[in-house]
Amino acid sequence: MTLFYDAWITLRGFFELGGPVLYAIFAVTVVMWSLIVERLWYFLRVLPQEMHSARLIWSTGRRDGSWSASSVKRLILSEVGLSAQRNLRLIQTLMQVLPLLGLLGTVWGMVQVFETLTAFGTGNARLMASGVSQATIPTMAGLVAALSGLYFSVWLKQRAQRRIEELEDGLRMQFETGSQGEQ
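Offset between the sequence shown (1-based) and this note's numbering: plus 2.
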């Protein structure tokens, strides 16, 4: 129990030291990582089932090269593609917002330093250090949070593109084998 209490006290001290912008960085990071975990779950559990269903739909329909068959194929690819790319732009946007929030924290902390200088002059180093920490901690937190999301953002985007291409190739192969079997 004391382990959790000590961790809570340390975390609370970190947030107090970093200033109010750190709470916004934390909230955006939680939302970003919730979306990343959801997308990971989707790619590992849901997308394989959707691709299987898409192949079944394609295999039971007409594959004679007609306009309607081509439209069905485009519709299948479009729906799976939209589903695979859902929330990826939002993840990228949140990832790009985090360093800007860190920069806002820097400005906020520097304002604290200048207010201290105005009120007390250069004689109160302790208050100035408090403002400097409010300037640097949010910057670091914003950059670390953004970098943590960068890898997964790129990986998820590439994974979505690869899976859509795999589905398109699979549908094309089913079409070609179906056309050859009908001849």
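Backbone N, C-alpha and C define an ideal beta-carbon position, used for all residues, glycine too.
- Using a Cβ distance threshold of 8 Å, A162 and A86 count as a contacting pair.
- Bounds of any alpha helix (DSSP H) do not take in R88, whose DSSP letter is neither H nor E.
- Between the alpha carbons of K159 and Q94 lies a gap of roughly 10 Å.
- Measuring C-alpha to C-alpha distances from V99 to each of L24, Q136, E81 and F16 identifies L24 as the nearest.
- For G123, the three-state secondary structure derived from DSSP is helix.
- About 19 Å separates the beta carbon of T138 from that of N126, a gap too long to meet the 8 Å contact definition.
- For G15, the enclosing alpha helix (DSSP H) stretches over residues T4 to G20.
- Exclusion of the five residues before and after M112 leaves G133 and A137 as the residues of its chain whose Cβ lies within less than 8 Å of its Cβ.
- Rounded to the nearest angstrom, the gap between the Cα atoms of V115 and S135 is 10 Å.
- Per DSSP, F28 is one residue of the alpha helix (DSSP H) stretching across V23 to W43.
- Rounded to the nearest angstrom, the gap between the Cα atoms of R174 and N89 is 28 Å.
- A straight line joining the alpha-carbon of W43 with that of S68 spans about 36 Å.
- Distance from G15 to P140 at the Cβ level is roughly 15 Å; contact not present, criterion being Cβ atoms closer than 8 Å.
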